[in-house]
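**Q** To start, I am sharing the structure in question, which I have written as structure tokens.
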Amino acid sequence: MTDPITTDQSRTIEPVRAHKNSPEQGKWTRWLVLFLRVMAVLSMLKGLFHWSIVLGIGEGPDTNFAARPIPWQTATVYFAVIDLVAAVGLWLAAVWGAVVWLTAAVSMAAVEVFFPQIYGGSVAIVAIELALLCCYLFLALQSAREHPH
């Protein structure tokens, strides 16, 4: 049997329009998106810094990547990749971008705390990463309160 042909206009599918009937963004959501964009730029710079080390850009005679210990090389390549992936996701304000960025931030703090022989165990870097994580959590919670679905 065949289905009847309907000409009802309410059943036709229209393309999605981003600005049509969209509720106004709240103050905290705008701050969260701004924070994510700033973190995207910082993650991009961090990733490019790590790639410059891997590729030997600006390399001196005693900073040869191949001459470094394997754990240092591994961590450097890991952060070169994950920071750039996080930058793309953060710029898009995608959920996966925040997850990748959180993973990168926690990883950097863990490397500094638990493996100080790799990058030197800087307490300042751990404090900065934790402060940025706290800022993100605060903004994300405030933004979620604006949209109680």
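Going by our numbering, the sequence shown opens with residue 743, and the numbers climb by one from there. Using N, Cα and C, we set each Cβ at its ideal position, and we do this for glycine too.
#1: Please state whether DSSP places G839 in a helix, a strand or coil.
#2: What number of angstroms, rounded off, separates the C-alpha of P858 from the C-alpha of S864?
#3: Between which two residues does the alpha helix (DSSP H) containing H889 stretch?
#4: If L879 sits next to L832, beta carbons under 8 Å apart, how far is it from one beta carbon to the other, in whole angstroms?
#5: Please report the distance separating the alpha-carbon of S783 from that of A829.
#6: Whose C-alpha, out of T845, V853 and Q767, is nearest the C-alpha of L875?
#7: Kindly list the residues whose CB is nearer than 7 Å to the CB of Q818, restricted to its own chain and excluding five residues on each side of it in sequence; keep chain order.
#8: Quick one: Cα of A882 to Cα of L790, how far?
**A** Reading off the structure:
#1: On the sequence shown, residue 839 is found 97 positions in, with the first residue counted as 1. The answer is helix: DSSP assigns G839 an H, G or I state.
#2: Position 116 of the sequence shown holds residue 858. Position 122 of the sequence shown holds residue 864. The alpha-carbon atoms of P858 and S864 are separated by roughly 8 Å.
#3: Counting from one through the sequence shown, the residue named residue 889 turns up at place 147. Careful: H889 lies outside any alpha helix (DSSP H) and carries neither H nor E.
#4: Locating residue 879 in the sequence shown gives position 137, counting from the first residue. Locating residue 832 in the sequence shown gives position 90, counting from the first residue. Not quite, the Cβ-Cβ distance comes to about 15 Å (not below 8 Å), so this is no contact.
#5: Locating residue 783 in the sequence shown gives position 41, counting from the first residue. Locating residue 829 in the sequence shown gives position 87, counting from the first residue. Going by the sequence as given, residue 783 is Val instead of Ser. Looking at the two C-alpha atoms, the distance is approximately 7 Å.
#6: If you number the sequence shown from 1, residue 875 lands on position 133. Of the listed residues, the one whose Cα sits closest to L875 is T845.
#7: Here the question's residue 818 lines up with position 76 in the sequence shown. The sequence shown places Thr at residue 818, rather than the Gln named in the question. So the list reads H792, I795 and V796, once near-sequence residues are dropped.
#8: Your numbering for residue 882 matches position 140 in the sequence shown. Your numbering for residue 790 matches position 48 in the sequence shown. Using only the alpha carbons, I get a separation of about 27 Å.
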